[in-house]
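Following: one structure in structure tokens, then a few remarks.
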Amino acid sequence: MMFKVTVVSVVLIAVGLACLRRHMAGVRYNNTTTRLDGKTVLITGANTGIGKETAIDLAKRGARVILACRDLDKAKTAADDIKKRTGNENIIIKRLDLASLKSINIFAGDINANEKKLDILINNAGIMRCPYWKTENGFEMQFGVNHLGHFLLTNLLLDLIKKSVPSRIITVSSLAHEKGTINFDDIYSEKSYHPETSYSQSKLANVLFSRELAKRLEGTGVTTYSLHPGLINTELKRHWEKESMVLKIFFSIGQYFVKTPEEGAQTTIYCAVDETLTKESGKYYSDCAEKTPSNEALDDGVSNKLWTLSEQMVGLNNGNT
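Going by my numbering, 1051 is the number at position 269 of the sequence shown; the sequence numbering is gapless.
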């Protein structure tokens, strides 16, 4: 009898774990028919993780995909793999370091000079819960890369994006934004720093930026979206694992239950492709559906103040987009 109970218990545990894995995988975007032939897509941080998986999907749809990456060797390896897996040879690699305003300006100048159109910009690259590092220009690394780098990049490419309407701007945020607040009194994190607090602030800034951008682009034909991709097993967690042995053990065990990069890319793909979103802008998505972000993410006063401060920090003198 005890043997039978044990077998039943094992089966129940196995079924429970299988259900958990299925739940954590999230919603899959099942539209595989929409084509992007003739469209140009730019994805930051596309050499690995959900950025690469997004590039693979959009390349399969016929898009011309520009991989904007800091490491050109890794970008070339990724581009070769994408070409092989999709049969699409129209995969371009260009160097972009979002921790350097100089690099962003050079990159944007190159794109504006050599690209006739930019239909979809996906602000995907990011850094998560790193030690206290500063960017080349002295910004706290997570806020500098995750928000300010993409803020400047988007603004510098905005005229080209406007010429390509209907066009889309997608910014990958996180559920972590719900714990965030914009610390205007210590935006450089010089008075105090905690990796999680800074990460949450940067992800809140992503949502605020997308919403404010939508207001400023109203009526132009350019739409914007921010999103939470889910808890994913990617290189993004590399700093997080170093914080404690408990987290290292958690990720060692939990990696079998969190999303794969391919599963994590589904909402990004949805925001880039789905035709029902043509009339939507400034909204926040998760699991291929609209979700309500945090109260602070909906604060127009905070979004406008952050925009003005961001302009000053990155050297954009024009107050209008």
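Built from N, CA and C at the ideal position, the CB exists for glycine as well. These figures come from a predicted structure and were not determined experimentally.
Using CA atoms only, rank isn't needed, just tell me which of the options is closest to residue i.
i: Gly-1003; options: Lys-884, Glu-1062 and Asp-879; result: Glu-1062
i: Met-1095; options: Ala-881, Gly-962, Gly-833 and His-976; result: Ala-881
i: Ala-958; options: Tyr-1066, Asp-839 and Lys-985; result: Lys-985
i: Arg-810; options: Lys-1041, Ala-850 and Cys-912; result: Lys-1041
i: Ser-946; options: Glu-918, Asn-937, Leu-900 and Thr-963; result: Leu-900
i: Ala-890; options: Asn-906, Glu-1000 and Leu-940; result: Leu-940
i: Pro-1011; options: Ser-982, Arg-950, Lys-997 and Glu-1044; result: Glu-1044
i: Tyr-914; options: Asn-905, Asn-1086 and Tyr-981; result: Tyr-981
i: Ile-838; options: Asn-1077, Thr-868, Met-923 and Lys-856; result: Thr-868
i: Asp-892; options: Asn-1099, Asn-919, Asn-870 and Leu-942; result: Leu-942
i: Glu-978; options: Gln-924, Ile-873 and Glu-1072; result: Gln-924
i: Lys-730; options: Ser-1092, Leu-1091, Asp-1082 and Glu-960; result: No answer is possible for residue 730: the residues shown for the chain start at 783 and end at 1103.
i: Ile-952; options: Asn-919, Leu-990 and Cys-912; result: Leu-990
i: Asp-1056; options: Tyr-1007, Leu-1098, Glu-1093 and Leu-1091; result: Tyr-1007
i: Tyr-1066; options: Thr-1090, Asn-1099 and Arg-993; result: Arg-993
i: Asn-813; options: Tyr-1052, Thr-1090 and Leu-1091; result: Tyr-1052
i: Leu-1059; options: Arg-950, Ile-848, Ile-825 and Lys-866; result: Arg-950
i: Leu-903; options: Lys-866, Asp-1081 and Val-954; result: Val-954
i: Gly-827; options: Leu-840, Thr-815 and Leu-849; result: Leu-849
Label residue i either buried or exposed according to how many other C-beta atoms from any shown protein chain fall within 10 Å of its C-beta, with 16 as the threshold for buried.
i: Thr-1050; result: buried
i: Phe-933; result: buried
i: Lys-898; result: exposed
i: His-976; result: exposed
i: Ala-895; result: exposed
i: His-805; result: Confidence is the limiting factor: at His-805 the pLDDT is only 45, short of 50, which leaves the residue's position unreliable, though a coordinate-based value still follows. Exposed: under 16 other Cβ atoms inside 10 Å.
i: Thr-917; result: buried
i: Phe-966; result: exposed
i: Pro-1075; result: buried
i: Arg-817; result: exposed
i: Asn-937; result: buried
i: Thr-1005; result: buried
i: Asn-928; result: buried
i: Glu-922; result: buried
i: Gly-920; result: exposed
i: Asn-1077; result: exposed
i: Asn-906; result: buried
i: Asn-870; result: buried
Considering only residues of the same chain and omitting the five flanking positions on each side of residue i, which have a CB-CB separation below 6 Å?
i: Asp-879; result: Arg-852 and Ser-885
i: Gly-1046; result: Ile-832, Pro-1011, Gly-1012 and Ile-1014
i: Pro-948; result: Gly-1003
i: Met-860; result: For clarity, residue 860 is Ala in the given sequence; the question names Met instead. Correct list, in chain order: Asn-829 and Lys-834.
i: Asp-862; result: none
i: Gly-1097; result: none
i: Thr-1016; result: With a pLDDT of only 49 at Thr-1016, under the threshold of 50, the placement of this residue in the model should not be trusted; the figure read from the coordinates follows. Around Thr-1016: Gly-831 and Pro-1043.
Looking at the strands, I want to know which residues DSSP matches up with residue i.
i: Ile-875; result: Leu-849
i: Ala-1071; result: Ser-1068
i: Val-823; result: Val-847 and Ile-902
i: His-976; result: Answer is none; His-976 lacks a bridge partner.
i: Arg-950; result: Ile-902 and Thr-1005
i: Lys-916; result: Glu-922
i: His-1010; result: Ser-1068
For residue i, which residues in the same chain have their Cβ closer than 7 Å to its Cβ, ignoring the five residues on either side in sequence?
i: Gln-1048; result: Gly-808, Val-809, Arg-810, Tyr-811 and Cys-1070
i: Ile-964; result: Gln-983, Leu-986, Ala-987, Val-1084 and Leu-1088
i: Asn-1086; result: Glu-994
Which residues in the same chain as residue i place their Cβ atom closer than 8 Å to its Cβ, once the five residues preceding and following it in sequence are excluded?
i: Glu-1000; result: Ser-1063
Sufficient close CB pairs (3 or more, under 8 Å) joining the region 817–832 to the region 843–859: The region 817–832 vs the region 843–859: in contact.
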